[in-house]
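S.K.: Okay, handing you the structure first.
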Amino acid sequence: DVSDSDDDDDDDMDIEPARATTTATTRRSGKPQISTLVKLDRLARETVDKWRQAVARNNKTLGDTAATVVQLTTTLADPQLWITWGRTCLGDNSNEAVASSYVTALLQILPTGLYARHTATSPVLTKLAFDAGILQALFRYAELHPTCLTTLTVLSNVLAQTLMVIKDDEFMATYTGPHAIVSAARIIVLLREALYHVYWVTPVEADDITTGFAGMAQPNPTAHFILAGTKLYNALYQRWCRTVRHVDSFASEDIWWFPNLSTSARVQLDGRAQPPQEEDDDSSVDSDAMDISPADVESEALAAAFDDPKLSRVLTSIPQALPFEKRVKLFDSLVKADKTKTQDESRDMQHAIAAMMRGQEFENGGRQRVEIRREHLYQDAMHQLNTLGPKLRQKVQVSFINQHGAAEAGIDGGGVFKEFLDDLVKDAFSLEQSATSTLPLFTVTSLETLAINLDYANRPDLLSHYEFLGRAIGKAVYEGILVDPQFCLPFLNQLLGKANSLEDLKNLDPTYYKNLTKLLSLKSCDFSSLGLTFEVSIGSTGRTVELKPGGSQVAVTPENVIPYAHLVAHQLLNVQSAAQTRAFLRGFRDLIPAPWVRLFAAHELQKIISGDDRGLDVSSFKATMQYAAGYHPSQPIMQWFWEIVEKDLTQDQQCKLLKFMTSCSRQPLLGFSSLEPAPCIQQIRLPEALFLQEPVEILKKAPLPTSSTCMNLLKLPNYRSKELMRIKLVAAIESGAGFELT
Numbered sequence: 001d002v003s004d005s006d007d008d009d010d011d012d013m014d015i016e017p018a019r020a021t022t023t024a025t026t027r028r029s030g031k032p033q034i035s036t037l038v039k040l041d042r043l044a045r046e047t048v049d050k051w052r053q054a055v056a057r058n059n060k061t062l063g064d065t066a067a068t069v070v071q072l073t074t075t076l077a078d079p080q081l082w083i084t085w086g087r088t089c090l091g092d093n094s095n096e097a098v099a100s101s102y103v104t105a106l107l108q109i110l111p112t113g114l115y116a117r118h119t120a121t122s123p124v125l126t127k128l129a130f131d132a133g134i135l136q137a138l139f140r141y142a143e144l145h146p147t148c149l150t151t152l153t154v155l156s157n158v159l160a161q162t163l164m165v166i167k168d169d170e171f172m173a174t175y176t177g178p179h180a181i182v183s184a185a186r187i188i189v190l191l192r193e194a195l196y197h198v199y200w201v202t203p204v205e206a207d208d209i210t211t212g213f214a215g216m217a218q219p220n221p222t223a224h225f226i227l228a229g230t231k232l233y234n235a236l237y238q239r240w241c242r243t244v245r246h247v248d249s250f251a252s253e254d255i256w257w258f259p260n261l262s263t264s265a266r267v268q269l270d271g272r273a274q275p276p277q278e279e280d281d282d283s284s285v286d287s288d289a290m291d292i293s294p295a296d297v298e299s300e301a302l303a304a305a306f307d308d309p310k311l312s313r314v315l316t317s318i319p320q321a322l323p324f325e326k327r328v329k330l331f332d333s334l335v336k337a338d339k340t341k342t343q344d345e346s347r348d349m350q351h352a353i354a355a356m357m358r359g360q361e362f363e364n365g366g367r368q369r370v371e372i373r374r375e376h377l378y379q380d381a382m383h384q385l386n387t388l389g390p391k392l393r394q395k396v397q398v399s400f401i402n403q404h405g406a407a408e409a410g411i412d413g414g415g416v417f418k419e420f421l422d423d424l425v426k427d428a429f430s431l432e433q434s435a436t437s438t439l440p441l442f443t444v445t446s447l448e449t450l451a452i453n454l455d456y457a458n459r460p461d462l463l464s465h466y467e468f469l470g471r472a473i474g475k476a477v478y479e480g481i482l483v484d485p486q487f488c489l490p491f492l493n494q495l496l497g498k499a500n501s502l503e504d505l506k507n508l509d510p511t512y513y514k515n516l517t518k519l520l521s522l523k524s525c526d527f528s529s530l531g532l533t534f535e536v537s538i539g540s541t542g543r544t545v546e547l548k549p550g551g552s553q554v555a556v557t558p559e560n561v562i563p564y565a566h567l568v569a570h571q572l573l574n575v576q577s578a579a580q581t582r583a584f585l586r587g588f589r590d591l592i593p594a595p596w597v598r599l600f601a602a603h604e605l606q607k608i609i610s611g612d613d614r615g616l617d618v619s620s621f622k623a624t625m626q627y628a629a630g631y632h633p634s635q636p637i638m639q640w641f642w643e644i645v646e647k648d649l650t651q652d653q654q655c656k657l658l659k660f661m662t663s664c665s666r667q668p669l670l671g672f673s674s675l676e677p678a679p680c681i682q683q684i685r686l687p688e689a690l691f692l693q694e695p696v697e698i699l700k701k702a703p704l705p706t707s708s709t710c711m712n713l714l715k716l717p718n719y720r721s722k723e724l725m726r727i728k729l730v731a732a733i734e735s736g737a738g739f740e741l742t
């Protein structure tokens with residue numbers, strides 16, 4: 001049995017490298033019984049297929065009896081019949097037994113699966129999904145019987161089908177707010193409580209699936225619910241992630257969290273999550289007969305990285321059930337476990353000594369050394385680092401070469417590399433071509449986020465640059481160095497391996513999305529005046545692309561405007577930048593394997609890259625701060641400093657202070673204690689003669705604070721008044737400069 005560590009502190013994470021252990025096994029084979037949902041879904045579909053094949057074989061021998069059964073089955077599959085029955089059986093005047101029998105019977109004829117694509121073509125499900133009366137009746141019945149998994153399964157299948165086609169504004173108008181008859185927030189609570197039970201309290205096992213989908217008269221509702229409930233839970237979460245920044249959210253973030261979830265998982269010794277090896281056992285749980293997507297493979301790889309099968313199932317299927325901060329700690333544990341292999345210089349030294357004793361050469365695999373000319377930073381970095389591939393996960397020691405060709409003094413203990421990476425990212429994501437960078441590979445959207453520059457979509461010679469940019473961002477994430485680039489959500493979706501839809505277009509270009517979706521409600525007479533055809537303009541060059549073969553000759557009409565809108569979004573979000581995105585991904589995944597980022601949603605991945613966007617937590621910053629060269633937190637001058645930061649600086653100026661000091665305006669996700677080196681304020685002594693002058697001269701001649709962002713160091717002169725400190729500090733941080741500003 002798998003122990004449920006209920007008395008673990010919920011706020012702590014006990015994460016450490018551990019050898020793989022088998023904690024839950026079947027009696028037959030000794031294989032893990034608590035499989036991931038990817039495997040359970042595949043097993044369910046295999047079981048249904050086998051049952052159907054058995055029925056088909058039996059029908060051949062039953063003759064007239066089989067024909068009668070088929071005719072009866074066809075009649076019972078009539079969607080309108082079930083809608084009519086549902087209005088009666090689930091109505092206000094129906095009794096409990098009738099209602100229960102109805103939902104049980106409906107469960108048996110509806111397809112159930114983890115993914116909407118496996119159930120999308122069901123005519124019964126589609127008809128039920130767009131009958132508001134049935135949906136309302138199922139919701140009312142589910143609220144009256146929150147532990148009835150049969151009802152929750154049917155509701156999950158029906159509503160998930162509905163969500164496939166409605167726009168976000170329709171969703172918000174229909175399913176959110178105090179007057180919503182079917183409330184999305186209340187459905188989330190129902191699903192969360194039930195899913196917690198089948199994921200954590202009494203986890204569904206493989207045997208439950210084989211018995212629950214074998215065509216029995218009384219199917220196991222638990223087996224059906226874990227698939228259908230997860231499908232709807234994720235569909236609602238995807239909708240929440242997409243709308244939370246545009247409108248008042250219909251739910252708070254903690255509505256998704258499982259209660260009392262133990263997180264004492266340990267990372268396997270191999271650290272780096274890799275696709276699992278095929279097993280010799282021929283159990284259908286691991287059969288390759290069904291289609292397996294790259295996302296499925298990544299889920300299995302992520303599950304293999306942790307030794308707790310229950311937590312692995314949660315993380316690979318509904319990671320939002322665990323608070324973001326805890327998932328960040330798990331992500332950090334994956335990186336640290338990987339670094340025990342890639343940056344273990346003591347082990348490399350042992351190998352080097354052994355090689356020398358054998359008279360062999362040994363290439364030090366624990367550190368890469370590069371020389372970078374400051375005036376050619378981007379070109380030198382790309383030339384020396386872009387060919388390393390996964391070896392870039394090793395430590396990189398940077399030596400800067402000045403304009404005279406001489407190496408700058410100093411040893412890179414980490415700070416120089418941070419400075420190098422900061423400058424590299426600034427150059428690489430520059431929006432203008434300069435002497436140090438290349439063409440503007442990204443462009444700024446109206447939302448002030450970065451997107452692939454489609455003006456260069458037909459430049460295959462630039463793909464290596466996109467690959468290098470992916471490695472630069474991946475290296476920053478791997479080393480825990482926060483960088484500024486803010487990517488648009490559709491691009492982040494692609495980094496997570498998710499395809500974008502029409503609704504994601506609003507996160508790239510809200511105006512374009514608004515105009516495109518307006519077409520869906522136009523009258524027939526309006527289309528002829530627009531003269532639209534199945535083609536779209538790309539970028540600022542005016543280049544046009546057909547949305548389908550011969551699209552330039554196909555007029556957009558009321559009958560085909562829906563597929564037209566979806567094709568436009570697909571072309572702009574997924575197709576046109578596909579080559580550049582794939583190149584960026586190749587570089588990024590050399591450092592950060594795809595399974596690791598499956599812990600996060602798109603907006604959370606941006607936080608992993610750039611840090612917390614909630615503003616500066618001054619009390620936490622103050623508690624972590626170190627002091628040097630004569631400063632101490634008890635001194636009046638330091639009390640002035642913190643009073644200025646807390647009371648005089650605006651929130652925007654607080655973020656600028658953080659950027660001035662650390663090169664990033666957002667604070668680390670794991671807190672300021674995770675900064676390396678720790679943030680520090682160093683005293684710069686001013687000459688006594690300065691303060692013997694007139695106040696106007698003091699104000700003019702007193703130097704500004706400076707910073708060494710590579711060391712997270714603020715060099716603060718020992719001003720003699722709080723007002724002088726405020727004026728100089730604000731002037732420094734508002735200047736927009738950071739490193740050694742004077």
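In full-length UniProt numbering, the protein residues as written are 1 to 742.
By construction, the Cβ of each residue, glycine as well, lies at the ideal position given by its N, Cα and C atoms.
As the structure is a prediction and not an experimental result, all values here were calculated from the model.
(1) Closest by CA to Leu502, which one among Val554, His566, Gly480, Lys607?
(2) Contact criterion: CB-CB distance below 8 Å. Does Ala702 meet it with respect to chain C?
(3) Pick out the complete alpha helix (DSSP H) segments inside the region 678-720, 4 residues or longer, and give them in chain order.
(4) With DSSP as the reference, label Arg614 as helix, strand or coil.
(5) What are the boundary residues of the alpha helix (DSSP H) that Cys584 is part of?
(6) DSSP has Tyr627 in a bridge; who is on the other side?
(7) What's the gap between the Cα of Lys701 and the Cα of Lys715?
(8) Do Leu658 and Leu616 have their C-beta atoms within less than 8 Å of each other?
(9) Using the beta-carbon count (16 or more within 10 Å), is Phe420 buried or exposed?
(10) When you compare the region 226-243 with the region 194-209, are there three or more beta-carbon pairs, one atom per stretch, that lie closer than 8 Å?
(11) So Ile83 is in the alpha helix (DSSP H); what residue range does that whole segment cover?
(12) Ends of the beta strand (DSSP E) at Glu448?
(13) For Pro390, which residues in the same chain have their Cβ closer than 7 Å to its Cβ, ignoring the five residues on either side in sequence?
(14) Do you know offhand how far Asn234's Cα is from Lys728's?
(15) Under the three-state reduction of DSSP, which class applies to Gln397: helix, strand or coil?
(16) Flag this pair as yes or no: are the beta carbons of Thr176 and Phe250 separated by less than 8 Å?
(17) What's the gap between the Cα of Ala337 and the Cα of Ala304?
(18) Have a look at the DSSP bridge pairing and note the partners of Arg373.
(19) With 16 other CB atoms within 10 Å as the buried threshold, where does residue 746 fall?
(20) List the whole-angstrom C-beta distance separating Trp642 from Lys656, where the pair is believed to meet the contact cut-off of C-beta under 8 Å.
(21) With DSSP as the reference, label Val244 as helix, strand or coil.
(22) Does the region 324-344 come into contact with the region 626-646, if we say contact requires no fewer than three beta-carbon pairs (one atom in each stretch) closer than 8 Å?
(23) Would Pro79 pass as a contact of Lys39 if the rule is Cβ separation under 8 Å?
(24) Just verifying my parser: in three-state terms, what is the DSSP assignment at Gln368?
(25) Can you name the start and end residues of the beta strand (DSSP E) that Ile538 belongs to?
(26) Are Phe660 and Ser619 closer than 8 Å when you measure CB to CB?
(27) Does DSSP put Val545 in a helix, in a strand, or in coil?
(28) Excluding the five sequence neighbours on either side, which residues of its own chain have a C-beta within less than 7 Å of the C-beta of residue 765, listed in chain order?
(29) Pick helix, strand or coil for Gln384, following the three-state DSSP scheme.
(30) Count the other C-beta atoms from every protein chain shown that fall within 10 angstroms of the C-beta of residue 750, then say buried if there are 16 or more, exposed otherwise.
(31) Taking the beta carbon of residue 745 as the centre, do at least 16 other beta carbons fall within 10 Å, making it buried, or is it exposed?
(32) Pull up the distance between the alpha-carbon of Ile644 and that of Asp612, whole angstroms please.
(33) Count the other CB atoms within 10 Å of the CB of Glu96; is the residue buried (16 or more) or exposed (fewer)?
(34) Excluding the 5 residues preceding and the 5 following Ala105 in the sequence, name in chain order all residues of the same chain whose CB lies nearer than 8 Å to its CB.
(35) Ile34: buried (16+ other C-beta within 10 angstroms of its C-beta) or exposed?
M.R.: Working from what's here:
(1) Against the sequence shown, residue 502 aligns to sequence position 502. Nearest Cα to Leu502 within the set Val554, His566, Gly480, Lys607: His566.
(2) Of the protein chains in this structure there is only one, and it is not chain C.
(3) List check, alpha helix (DSSP H) in window: 695-701.
(4) Sequence index remark: in the sequence shown, residue 614 carries index 614 (1-based). In the structure shown, Arg614 sits in coil (DSSP, three-state: anything other than H, G, I, E or B).
(5) Looking up residue 584 in the sequence shown gives position 584. The residue you asked about is not Cys; residue 584 is Phe in the sequence shown. That run of the alpha helix (DSSP H) goes 578-591.
(6) Along the sequence shown, read from residue 1 onward, the residue named residue 627 stands at position 627. Answer by DSSP bridge pairing, in chain order: Ile681.
(7) By one-based count along the sequence shown, residue 701 stands at place 701. By one-based count along the sequence shown, residue 715 stands at place 715. C-alpha separation (whole angstroms): 17 Å.
(8) By one-based count along the sequence shown, residue 658 stands at place 658. By one-based count along the sequence shown, residue 616 stands at place 616. The answer is yes: Cβ separation under 8 Å.
(9) Start at 1 with the first residue of the sequence shown, and residue 420 comes out as number 420. Phe420 should be labelled buried.
(10) yes
(11) Position 83 of the sequence shown, counted from the start, is the residue given in the question as residue 83. 79-89 is the span of the alpha helix (DSSP H), which, as asked, contains Ile83.
(12) Within the sequence shown, numbered from 1, the residue matching residue 448 stands at position 448. From DSSP, Glu448 is part of no beta strand (DSSP E); its letter is neither H nor E.
(13) Numbered from its first residue, the sequence shown carries residue 390 at position 390. Contacts found: Asp590.
(14) One-based indexing of the sequence shown puts residue 234 at position 234. One-based indexing of the sequence shown puts residue 728 at position 728. Distance between the alpha carbons of Asn234 and Lys728 is about 50 Å.
(15) Position 397 of the sequence shown, counted from the start, is the residue given in the question as residue 397. If DSSP states are grouped into helix, strand and coil, Gln397 belongs with the strands.
(16) Counting from one through the sequence shown, the residue named residue 176 turns up at place 176. Counting from one through the sequence shown, the residue named residue 250 turns up at place 250. In this structure, Phe250 lies closer than 8 Å to Thr176 by Cβ.
(17) For the purposes of this step, residue 337 is identified with residue 337 of the sequence shown, where counting begins at 1. For the purposes of this step, residue 304 is identified with residue 304 of the sequence shown, where counting begins at 1. So the alpha carbons of these two residues sit roughly 14 Å apart.
(18) Sequence index remark: in the sequence shown, residue 373 carries index 373 (1-based). According to DSSP, which records beta bridges pairwise, Arg373 is partnered with Ile401.
(19) Because residue 746 is not part of the residues shown, which for the chain are 1 to 742, the question remains open.
(20) The residue labelled residue 642 in the question sits at position 642 within the sequence shown. The residue labelled residue 656 in the question sits at position 656 within the sequence shown. No, Trp642 and Lys656 are not in contact; Cβ-Cβ is about 17 Å, not under 8 Å.
(21) As a working mapping, residue 244 is identified with position 244 in the sequence shown. Looking at Val244 - three-state DSSP - the assignment turns out to be coil, as it is neither helix nor strand.
(22) Verdict: no, contact absent.
(23) On the sequence shown, residue 79 is found 79 positions in, with the first residue counted as 1. On the sequence shown, residue 39 is found 39 positions in, with the first residue counted as 1. Cβ distance not < 8 Å, so Pro79 and Lys39 don't count as in contact.
(24) Here residue 368 corresponds to residue number 368 of the sequence shown, with the count starting at 1. Reduced to three states, the DSSP call for Gln368 is strand.
(25) Taking the sequence shown and counting its residues from 1, the one referred to as residue 538 is at position 538. Segment 535-538, the beta strand (DSSP E) holding Ile538.
(26) Walking along the sequence shown from the start, residue 660 turns up at place 660. Walking along the sequence shown from the start, residue 619 turns up at place 619. Taking 8 Å as the Cβ cut-off, Phe660 and Ser619 do not qualify as a contacting pair.
(27) The count along the sequence shown starts at 1 and reaches residue 545 at position 545. Strand, per DSSP.
(28) This structure cannot settle anything about residue 765, because the visible part of the chain is limited to 1 through 742.
(29) As a working mapping, residue 384 is identified with position 384 in the sequence shown. The three-state secondary structure of Gln384, taken from DSSP, is helix.
(30) Because residue 750 is not part of the residues shown, which for the chain are 1 to 742, the question remains open.
(31) What the structure shows of the chain is the stretch from 1 to 742, and residue 745 is not part of that stretch, so it cannot be assessed.
(32) Here residue 644 is taken as the residue at index 644 of the sequence shown, counted from 1. Here residue 612 is taken as the residue at index 612 of the sequence shown, counted from 1. Ile644 and Asp612 have their C-alpha atoms roughly 22 Å apart.
(33) As a first step, residue 96 is located in the sequence shown; it is residue number 96 there, counting from the start. Counting Cβ neighbours within 10 Å, Glu96 comes out exposed, since fewer than 16 surround it.
(34) Walking along the sequence shown from the start, residue 105 turns up at place 105. For Ala105, where only same-chain residues beyond five positions count, there are no Cβ hits under 8 Å.
(35) For the purposes of this step, residue 34 is taken as residue 34 along the sequence shown, with counting starting at 1. Buried, since its Cβ has 16 or more Cβ neighbours within 10 Å.
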